[in-house]
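*Asks:* Take this structure first; my questions come after.
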């Protein structure tokens, strides 16, 4: 699977150039979708890569769900919505394979006129996503670090610039890269369980959140709150997350997905072309910052993560995790 994931990420790489985002208030694309993303590094074997279709439980009129090793997509064509569930045990860490499957699954839905919205959630009770896979960043060679970081960038661009309505149904803990994924969505619903905290806590591991992580948080909760949260590596429990604005709604754990679907209906009542062009206008400047310097950002990441001190810190943390499990 890892070899296949790498091949997909290399194929068709239009590279750090400036075609990865909306160009402003342009003409809506097919199906009313404005300023579609260009071909991404994963465009290519999208049909085969999505895995085998399975009949959805209780589904009718051609409703199908496609299953990968690490992503489960449950489509409802009649409603124009798909529920996308992360299923990369034990904690939905964003491995290279999971990143690849997410991008391909999103692209397939974006290319299907039947779908206008996606609910992003977890198939793993108690955890939305633990964030970036530290094993991808520890004890590897620089080429692997570069490949991995390019995949992280690609997922962020795909989510952040998606013309579909994206609603995060956060049904578990959501630190670091998990939080970043949720922040790209148009609306975030968090379960009220006090154990389900959310935030960008990279500094606690001795890692600096990249500028585009920072920009995404600043766009959501403001500069001063972000400065405080990023430096201290804060993880906000539900009540505080709602108060600071990092999530939009907190509901009982068993109502997260149903609430997300209700929210989705409200967003989808807005004409697509108007909503899409407004979203593109609001997000273009933030996306362009990364698009214009993707290669430099990859080089900075590789240089930083390759430092002996950072590798030692990651190794220590991973060893502690092993001891806890043992």
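Residue numbers (the UniProt record's numbering): 1 to 326. Just so it is clear, CB atoms sit at the ideal spot from N, CA and C, and this is done for glycine as well.
Relative to the alpha-carbon of residue 86, which residue among 124, 114, 117 and 104 has its alpha-carbon at the smallest distance?
*Replies:* Translated into positions along the chain shown, residue 86 becomes position 86. The shortest Cα separation from residue 86 among 124, 114, 117 and 104 belongs to 124.
*Asks:* Are the region 110-130 and the region 209-229 touching by the rule of at least three beta carbon pairs closer than 8 Å?
*Replies:* Taking 8 Å as the limit for Cβ pairs, the verdict is that the region 209-229 does not touch the region 110-130.
*Asks:* Short check: CB of residue 189 to CB of residue 251, under 8 Å?
*Replies:* The count along the chain shown starts at 1 and reaches residue 189 at position 189. The count along the chain shown starts at 1 and reaches residue 251 at position 251. Cβ atoms of residue 189 and residue 251: closer than 8 Å.
*Asks:* Report yes or no: do three or more beta-carbon pairs, one from the region 196-205 and one from the region 272-289, lie closer than 8 Å?
*Replies:* Counting Cβ pairs under 8 Å, fewer than three are found: no touch.
*Asks:* In angstroms, rounded to a whole number, what distance separates the CA positions of residue 19 and residue 294?
*Replies:* Sequence index remark: in the chain shown, residue 19 carries index 19 (1-based). Sequence index remark: in the chain shown, residue 294 carries index 294 (1-based). Residue placement at residue 19 is flagged as unreliable, the pLDDT there being 34, under the threshold of 50; the coordinate-derived value follows with that caveat. Each residue's alpha carbon lies about 12 Å from the other.
*Asks:* Residue 174 bridges to which residues according to DSSP?
*Replies:* Here residue 174 refers to the residue found at position 174 of the chain shown. Per DSSP, 198.
*Asks:* Could you give the DSSP three-state label for residue 218: helix, strand or coil?
*Replies:* Within the chain shown, the letter at position 218 stands for residue 218. Residue 218: helix per DSSP, three-state reduction.
*Asks:* Which runs of the beta strand (DSSP E) fall wholly inside the region 124-172 and span at least 3 residues, in chain order?
*Replies:* Counting whole runs of 3 or more residues, the region 124-172 contains the beta strand (DSSP E) stretches 165-170.
*Asks:* Shortest alpha-carbon distance to residue 249 belongs to which of 115, 176 and 169?
*Replies:* Start at 1 with the first residue of the chain shown, and residue 249 comes out as number 249. Residue 169 is the option with its Cα nearest to residue 249.
*Asks:* Can you tell me whether residue 258 is buried or exposed? The criterion is at least 16 other CB atoms within 10 Å of its CB, across all chains shown.
*Replies:* One-based indexing of the chain shown puts residue 258 at position 258. Answer is exposed; the Cβ neighbour count stays below 16.
*Asks:* Alpha carbon to alpha carbon, what distance is there between residue 81 and residue 262?
*Replies:* The count along the chain shown starts at 1 and reaches residue 262 at position 262. The count along the chain shown starts at 1 and reaches residue 81 at position 81. Using only the alpha carbons, I get a separation of about 11 Å.
*Asks:* For residue 225, write down the residues that DSSP places opposite it in a beta bridge.
*Replies:* To locate residue 225, count along the chain shown from 1; it is residue 225. Partner(s): none; residue 225 has no beta bridge.
*Asks:* Is it the case that the region 237-249 contacts the region 103-120, given that we only count it when at least three CB pairs across the two stretches are under 8 Å?
*Replies:* Result no; under three Cβ-Cβ pairs closer than 8 Å.
*Asks:* If contacts are defined as beta-carbon pairs under 8 Å, then residue 164 and residue 116 qualify, I think. What distance do you get, rounded to the angstrom?
*Replies:* As a position in the chain shown, residue 164 is number 164, starting the count at 1. As a position in the chain shown, residue 116 is number 116, starting the count at 1. Sure, about 6 Å apart at Cβ, within 8 Å.
*Asks:* Could you please give the first and the last residue of the uninterrupted alpha helix (DSSP H) stretch that includes residue 238?
*Replies:* Along the chain shown, one-based indexing puts residue 238 at 238. 238-244 is the span of the alpha helix (DSSP H), which, as asked, contains residue 238.
*Asks:* Is residue 208 helix, strand or coil by DSSP?
*Replies:* Taking the first residue of the chain shown as position 1, residue 208 is located at position 208. Three-state result, residue 208: coil.
*Asks:* Are the region 171-179 and the region 192-199 touching by the rule of at least three beta carbon pairs closer than 8 Å?
*Replies:* With a cut-off of 8 Å, the region 192-199 and the region 171-179 count as touching, because enough Cβ pairs lie within range.
*Asks:* Since residue 302 is in the alpha helix (DSSP H), which residue starts that stretch and which ends it?
*Replies:* What you label residue 302 is simply residue 302 of the chain shown in a count that begins at 1. Residue 302 -> alpha helix (DSSP H) spans 294-305.
*Asks:* Let's see if you can read the secondary structure: which residues bound the beta strand (DSSP E) around residue 74?
*Replies:* On the chain shown, position 74 is the one that residue 74 refers to. Note, residue 74: beta strand (DSSP E), 71-76.
*Asks:* Starting from residue 316, trace the alpha helix (DSSP H) in both directions and tell me its first and last residue.
*Replies:* The count along the chain shown starts at 1 and reaches residue 316 at position 316. Residue 316 -> alpha helix (DSSP H) spans 308-325.
*Asks:* Whose C-alpha, out of 134, 221, 118 and 317, is nearest the C-alpha of residue 267?
*Replies:* In the chain shown, counting from the first residue as 1, residue 267 sits at position 267. For residue 267, the nearest C-alpha among the options comes from 118.
*Asks:* I need the straight-line Cα distance from residue 75 to residue 90, nearest angstrom please.
*Replies:* Within the chain shown, numbered from 1, the residue matching residue 75 stands at position 75. Within the chain shown, numbered from 1, the residue matching residue 90 stands at position 90. Going by the C-alpha atoms only, they are around 24 Å apart.
*Asks:* Please determine, among 297, 276, 95 and 121, the residue with the shortest C-alpha to C-alpha distance to residue 73.
*Replies:* If you number the chain shown from 1, residue 73 lands on position 73. Here the closest residue by C-alpha is 121.
*Asks:* Check the C-beta distance from residue 278 over to residue 245 and give it rounded, since I have them as a contact under 8 Å.
*Replies:* Counting from 1 along the chain shown, the entry for residue 278 is found at position 278. Counting from 1 along the chain shown, the entry for residue 245 is found at position 245. That pair is no contact at about 19 Å.
*Asks:* Between the alpha carbons of residue 186 and residue 133, how many angstroms are there, rounded?
*Replies:* For this step, residue 186 is matched to residue 186 along the chain shown. For this step, residue 133 is matched to residue 133 along the chain shown. Near 25 Å, if we compare the C-alpha coordinates of residue 133 and residue 186.
*Asks:* For residue 92, which of 135, 77 and 109 has the nearest alpha-carbon?
*Replies:* Within the chain shown, residue 92 is the residue found at index 92, counting from 1. Nearest C-alpha to residue 92: 135.
*Asks:* Measuring CA to CA, which of 78, 151 and 306 is closest to residue 97?
*Replies:* Walking along the chain shown from the start, residue 97 turns up at place 97. Nearest C-alpha to residue 97: 151.
*Asks:* Note down, in chain order, each residue of its chain lying with its Cβ closer than 6 Å to the Cβ of residue 159, except the 5 sequence neighbours on either side.
*Replies:* Numbered from its first residue, the chain shown carries residue 159 at position 159. Closer than 6 Å at Cβ, skipping near neighbours: 184.
*Asks:* In the DSSP assignment, the alpha helix (DSSP H) including residue 190 goes from what residue to what residue?
*Replies:* Within the chain shown, residue 190 is the residue found at index 190, counting from 1. Here residue 190 belongs to no alpha helix (DSSP H); instead the beta strand (DSSP E) covers 187-191.
*Asks:* Measure the beta-carbon distance from residue 310 to residue 145 and round it to whole angstroms, keeping in mind my assumption that it falls under 8 Å.
*Replies:* For the purposes of this step, residue 310 is identified with residue 310 of the chain shown, where counting begins at 1. For the purposes of this step, residue 145 is identified with residue 145 of the chain shown, where counting begins at 1. Incorrect: roughly 11 Å between the Cβ atoms, too far for contact.
*Asks:* Tell me, to the nearest whole angstrom, how far the beta carbon of residue 162 is from that of residue 110; I am working on the premise that it is less than 8 Å.
*Replies:* Walking along the chain shown from the start, residue 162 turns up at place 162. Walking along the chain shown from the start, residue 110 turns up at place 110. Their Cβ separation, rounded to whole angstroms, is 7 Å, which keeps residue 162 and residue 110 in contact under 8 Å.
*Asks:* Take residue 95 as the anchor and find which of 207, 148 and 226 has the nearest alpha-carbon.
*Replies:* Along the chain shown, read from residue 1 onward, the residue named residue 95 stands at position 95. Among 207, 148 and 226, the Cα nearest to that of residue 95 is on 148.
*Asks:* Tell me whether residue 86 sits in a helix, a strand or coil according to DSSP, three-state version.
*Replies:* In the chain shown, the residue the question calls residue 86 occupies position 86. Reduced to three states, the DSSP call for residue 86 is strand.
*Asks:* Hey, how far is the Cα of residue 301 from the Cα of residue 78?
*Replies:* Translated into the one-based positions of the chain shown, residue 301 becomes position 301. Translated into the one-based positions of the chain shown, residue 78 becomes position 78. Going by the C-alpha atoms only, they are around 43 Å apart.
*Asks:* Judging by CA-CA distance, which residue of 297, 71 and 307 is the nearest neighbour of residue 108?
*Replies:* Counting from 1 along the chain shown, the entry for residue 108 is found at position 108. Among 297, 71 and 307, the Cα nearest to that of residue 108 is on 71.
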